[in-house]
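**Student:** One structure follows; several queries about it will come next.
Protein chains in written order, with the numbering used here: chain P, 4 to 118; chain F, 9 to 120.
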């Protein structure tokens, strides 16, 4: 079956603009998580959504937000872009139940460059 | 902070077994050990996970010590395509969360 799909794969934005990234999880998965990866900070957890509700949030400013739709697809938004927001943004999905042994699968990511 | 410690880099000859160590001395009884790898510019790829028993799948084997304070990922016959950063992660337990905390991982370089 299809894996986690992220769009767009690459994009360039200007400082001060906003951006929306999209993620389609694996069919049947109800949890979607977002991560930011930069050379300096590595892979960092942004937030997680389950059944349209945010149930966990990382240590990022309020400019970073997300949402999940009833079909489990998710979007994340970054407003007032800064140069430091240039990163690989990764989406991950899982079944989402509380069984901590379930597997989390990642998409290929969206490369965001802020100029 | 990441709850695991891994060597920053390792080399392995092509065709030989690659053994990647990970220390997780503060692991809790209900926390799993997960391994992912990331090939340059791609999303992390799930490899294997385990609780306390050794695990094997088509990609690798996971050996967890009896006290669960460390583990080893074994790639039985490394190829050039196995060159990647390997992350050992202790899954945050408790409550409804699928959050992963990544450390800096081990860069495995498979040499021809």
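Here a beta-carbon is modelled for each residue, glycine too, at the ideal position from N, C-alpha and C.
Which residues in chain F sit within 8 Å of residue 109/P, going by Cβ to Cβ distance?
**Tutor:** Neighbours of residue 109/P on chain F, chain order: 44, 51, 52, 53 and 54.
**Student:** How about residue 11/F: is its C-beta nearer than 7 Å to some C-beta of chain P?
**Tutor:** Chain P, which has no Cβ nearer than 7 Å to the Cβ of residue 11/F, makes this no.
**Student:** Which of helix, strand or coil does DSSP assign to residue 43/P?
**Tutor:** Residue state, collapsed to three classes: coil.
**Student:** Excluding the five sequence neighbours on either side, which residues of its own chain have a C-beta within less than 6 Å of the C-beta of residue 63/P, listed in chain order?
**Tutor:** The residues are 49.
**Student:** Can you tell which of 85/F, 39/F and 51/F has its C-alpha closest to the C-alpha of residue 78/F?
**Tutor:** Ranking the options by Cα distance to residue 78/F, first place goes to 39/F.
**Student:** Using a Cβ cut-off of 7 Å, pull out every chain P residue sitting near residue 106/F, in sequence order please.
**Tutor:** What residue 106/F touches in chain P: 34, 36, 51, 97, 99 and 107.
**Student:** Taking only the alpha-carbon atoms, compute the straight-line gap between residue 30/F and residue 8/P and give it to the nearest angstrom.
**Tutor:** Going by the C-alpha atoms only, they are around 30 Å apart.
**Student:** Bridge partners for residue 69/P per DSSP, in chain order?
**Tutor:** DSSP output for residue 69/P lists 79/P as bridge partner(s).
**Student:** Would DSSP call residue 87/P helix, strand or coil?
**Tutor:** Residue state, collapsed to three classes: helix.
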